[in-house]
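Residue numbers (my numbering), protein chains in the order written: chain Z, 1 to 115; chain D, 116 to 226. For every residue, glycine included, the Cβ atom is placed at its ideal position computed from N, Cα and C.
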């Protein structure tokens, strides 16, 4: 029973390029959350999705960032025209129900470095 | 906005000692959760305590919840070097579906 899979583990992009981060939730989980973590800091909520729907994107910057969770395939967090300030670890988590009522299962993250 | 705030920010103890971490939150909650993060890894869920519960145990972990003070504590008894990690509390506001994390307590257990 595979856990939450994120890829790539490490991603290096030059300023202005696009970054695509993938997350495959645990089998049977239809709720996906994306978080961002800076070194020595806690996790900042970005977006919460269910299959084909964005439920809450209140933590996501309005520009350059987008997320999707299609009917088939992984959830994707897309960052266009990356800047140095986007360098961080991005974590995906999944659950069978909303996080207000059940624990989240986390992947090991994608570490994005913008040069 | 930050729902949980952990205290202390860092804690260093010797193996065999107990470690206590505290968490305060701001609004009403359905439940409060504690997670652990080893360096460079994702978070691992430890324990969930519901708003109508006062105390919960899991192995060497003991969690308390005081809704009147909007606070929770995580106690790790008989600590081991392998307990070295960062510990986070997290909660969803009543009715919200998103989990908001604090900044964490960095625990170091010295052998």
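With 16 other Cβ atoms within 10 Å as the buried cut-off, status of residue i
i	result
residue 116 (chain D)	In this prediction, residue 116 (chain D) has a pLDDT of 42, which is less than 50 and means its spatial position is unreliable; what the coordinates show is noted afterwards. Burial call: exposed.
residue 31 (chain Z)	buried
residue 62 (chain Z)	exposed
residue 10 (chain Z)	exposed
residue 154 (chain D)	exposed
residue 82 (chain Z)	buried
residue 38 (chain Z)	exposed
residue 124 (chain D)	exposed
residue 80 (chain Z)	exposed
residue 28 (chain Z)	exposed
Identified DSSP bridge partners for residue i
i	result
residue 37 (chain Z)	Z:43, Z:89
residue 84 (chain Z)	The partner list for residue 84 (chain Z) (beta bridge, DSSP) is empty, contrary to what the question assumes.
residue 19 (chain Z)	Z:79
residue 144 (chain D)	D:208
residue 122 (chain D)	D:137
residue 29 (chain Z)	Beta-bridge pairing links residue 29 (chain Z) to no other residue.
residue 5 (chain Z)	Z:24
residue 49 (chain Z)	Z:32, Z:54
Residue range of the beta strand (DSSP E) that includes residue i
i	result
residue 65 (chain Z)	65-68
residue 125 (chain D)	125-129
residue 14 (chain Z)	From DSSP, residue 14 (chain Z) is part of no beta strand (DSSP E); its letter is neither H nor E.
residue 220 (chain D)	220-225
residue 56 (chain Z)	53-56
residue 214 (chain D)	Run containing residue 214 (chain D): none; DSSP gives neither H nor E here.
residue 111 (chain Z)	110-114
Contacting residues, own chain, Cβ-Cβ under 6 Å from residue i (five flanking each side not counted)
i	result
residue 127 (chain D)	223
residue 170 (chain D)	179
residue 24 (chain Z)	5, 74
residue 137 (chain D)	122, 188
residue 21 (chain Z)	77, 90, 110
residue 18 (chain Z)	80
7 Å Cβ shell around residue i - same chain, five flanking residues per side excluded
i	result
residue 49 (chain Z)	32, 55, 67, 69, 75
residue 191 (chain D)	133, 134, 175, 176, 198
residue 156 (chain Z)	Residue 156 (chain Z) is absent from the structure shown; chain Z starts at 1 and stops at 115.
Contact set for residue i: own chain, Cβ-Cβ below 8 Å, skip 5 residues either direction
i	result
residue 130 (chain D)	194, 195, 196, 224, 225, 226
residue 106 (chain Z)	4, 91, 92, 93
Uninterrupted beta strand (DSSP E) stretches inside the stretch 132-199 of chain D (no shorter than 3 residues): 134-140, 144-152, 158-165, 170-173, 176-181, 186-191
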